[in-house]
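**Student:**
Numbering (our numbering), first residue to last: 5 to 158.
1. Grab the span of the alpha helix (DSSP H) containing residue 76 for me, first residue to last.
2. Could you tell me the distance, in whole angstroms, from the CA atom of residue 138 to the CA atom of residue 85?
3. Judging by CA-CA distance, which residue of 111, 62, 132, 43 is the nearest neighbour of residue 126?
4. What alpha helix (DSSP H) runs, 4 residues minimum, are completely inside the stretch 24 to 51?
5. Name the one or two DSSP bridge partners that residue 54 has.
6. Which residue or residues does DSSP assign as beta-bridge partners of residue 132?
7. What's the gap between the Cα of residue 49 and the Cα of residue 25?
Rendered as structure tokens:
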């Protein structure tokens, strides 16, 4: 066996579905949770701590026959703002896109201020995104600023 063959492990291609690439390694399990992969009954391939020239370490998820909703992509963007989405049809990439952090986030993340009205009354959380690269949010009600490392999903 040649050295090159020993360094690569081939993963089966998917006929149709979604590949989410360039997930920061430390965010991979959060993305798995967001997508509720444990509830899916289709082929799923998960790669963790793959080498990446631009990121150091990255994760990748391949979902056969599944296409995440825009709401799920918005959630993923909070934890992996530079993730790439590849749509696969007949074993070929037919669409490439980056997840995009929206300007506002509603009803996805909990406000970390225990005194915020959203934590005591039936009020949907609303945040303004003040930083998209290292996602940072500002609550529209109490103005508490929360960064990517402290988000808690609702």
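Yeah, the Cβ is synthetic: ideal placement off N, Cα and C, and Gly gets one too.
**Tutor:** Judging by the given coordinates:
1. 74 to 83
2. 8 Å
3. 111
4. 32 to 39
5. 62
6. 108, 142
7. 12 Å
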